[in-house]
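Numbering (the numbering used here) for the sequence shown: 340 to 567. Don't be surprised by glycine CBs; every beta carbon is placed ideally from N, CA and C. Note sheet for the following structure.
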Amino acid sequence: MKCIAIDDEPRALQIIRLHAARIAAISKLTTFRSGLDAIDFLMHEKADLIFLDISMPDLTGIEFLQSLPQRPLVIFTTAYAEYAVQSYEFEAIDYLLKPIEFPRFLKAVNKANAVFQQRDPSLPDRLYQVKSGPETYQVNLNDILYIEASGNYITFVTQQRKIISMTTLAEVEQSLPASMFCRVHKSFIVSLLHIDVAGMHQLKINQETIPIGRTYREGFKRSFDRNR
340 MKCIAIDDEP RALQIIRLHA ARIAAISKLT TFRSGLDAID FLMHEKADLI
390 FLDISMPDLT GIEFLQSLPQ RPLVIFTTAY AEYAVQSYEF EAIDYLLKPI
440 EFPRFLKAVN KANAVFQQRD PSLPDRLYQV KSGPETYQVN LNDILYIEAS
490 GNYITFVTQQ RKIISMTTLA EVEQSLPASM FCRVHKSFIV SLLHIDVAGM
540 HQLKINQETI PIGRTYREGF KRSFDRNR
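Dropping the structure here:
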């Protein structure tokens, strides 16, 4: 994704640059201290995702968004939690409170990337970032078979390998495209692309049997029927 970051604080922009440099889904990042400069840039350049501070002197983040004829994906970055309600009005991907830690930044970018990939299905690779210890893996969404929670970690099971990550199934569920993945149990998210057999109480993916929880049964049936 081609991204821009707008913030009047140099330190905040430096942190975003450092975080973005670790994420392969961000192909380019251009930074601005002023919303007015960013508007000039967007007149002749494209941005897929904006990291946007809200409280700025010349033009607030809200005023900046209101001035755009077409809005890219937006992640708000601010030191003030009280602005969260306004972020929902603009359908922001996420709302990051400063100082921004890398795991939280990565989660927000993964959510944005999933939406970005959905918007443009012609893209050959639909990549998802998985953090495992000090490493960050690029995983093609089409290769993920299912995701299993166990204790304090989850396992991404792909066609090639298994990747263990210290996150929660709820966080992963929020960041994955609902058109491709479905929560079927308190411990499982499955790829709708790879289901071999589906019954009322369980399903099979790649010869693995996965339970379908009663709470998730109706939602899974709707998702599965849409993808048949």
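*To the nearest angstrom, how far is it from the Cα of A351 to the Cα of S518?*
The straight-line gap from Cα to Cα measures roughly 34 angstroms.
*Taking C-alpha atoms, which residue in L388, A377, P408 lies nearest to D397?*
When only C-alpha atoms are compared, the closest one is A377.
*asked:* To the nearest angstrom, how far is the alpha carbon of L532 from that of G490?
replied: L532 and G490: Cα-Cα distance of roughly 27 angstroms.
*Report the rounded CA-to-CA distance for R465 versus S530, giving the unit in angstroms.*
Taking the Cα positions, R465 is about 14 angstroms away from S530.
*asked:* Judging by CA-CA distance, which residue of P516, S514, P408, F415 is the nearest neighbour of I343?
replied: Relative to the Cα of I343, the nearest Cα in the group P516, S514, P408, F415 belongs to F415.
*What distance in whole Å lies between the Cβ atoms of I345 and D392, which are believed to be in contact at a cut-off of 8 angstroms?*
Yes, they are in contact, since the Cβ atoms of D392 and I345 sit about 6 angstroms apart, within 8 angstroms.
_Selection from I389, N481, L407, L435 that minimises the alpha carbon distance to A418_ = When the alpha-carbon of A418 is set against those of I389, N481, L407, L435, the nearest one is in L435.
_In the DSSP output, what is H524 paired with across the bridge?_
In the DSSP assignment, H524 forms a beta bridge with F527.
*Less than 8 angstroms separating the beta-carbons of I503 and T494?*
Between I503 and T494, the CB-CB gap stays under 8 angstroms.
_CA-to-CA distance, T554 to G538, given in whole angstroms_ = Those two C-alpha atoms are separated by around 15 angstroms.
_According to DSSP, simplified to helix, strand and coil, what is D535?_
Correct three-state label for D535: coil.
*Nearest to A431 by CA position, among L412, I439, A364, is which residue?*
Nearest C-alpha to A431: L412.
_The beta strand (DSSP E) enclosing Q541, as first and last residue numbers_ = 541-544 is the span of the beta strand (DSSP E), which, as asked, contains Q541.
*Can you give me the Cβ contacts of L407 inside the same chain, cut-off strictly under 8 angstroms, excluding the 5 residues immediately before and after it?*
Once the five neighbours on either side are set aside, the close Cβ partners of L407 are I378, L381.
_C-alpha distance - C521 paired with I401, whole-angstrom precision_ = Near 34 angstroms, if we compare the C-alpha coordinates of I401 and C521.
*asked:* Buried or exposed, going by whether 16 or more other CB atoms sit within 10 Å of the CB of S366?
replied: The residue in question, S366, is exposed, as its Cβ has fewer than 16 Cβ neighbours within 10 Å.
*asked:* Going residue by residue through the stretch 441-512, where are the continuous beta strand (DSSP E) segments of at least 3 residues, counting only ones entirely within it?
replied: Secondary structure within the stretch 441-512: the beta strand (DSSP E) runs of 3 or more consecutive residues, fully enclosed, are 466-471, 474-479, 483-489, 492-497, 501-504 (chain order).
*Would you mind sorting A360 into buried or exposed? The rule is 16 or more other CB atoms within 10 Å of its CB.*
A360 is exposed by the Cβ-count criterion.
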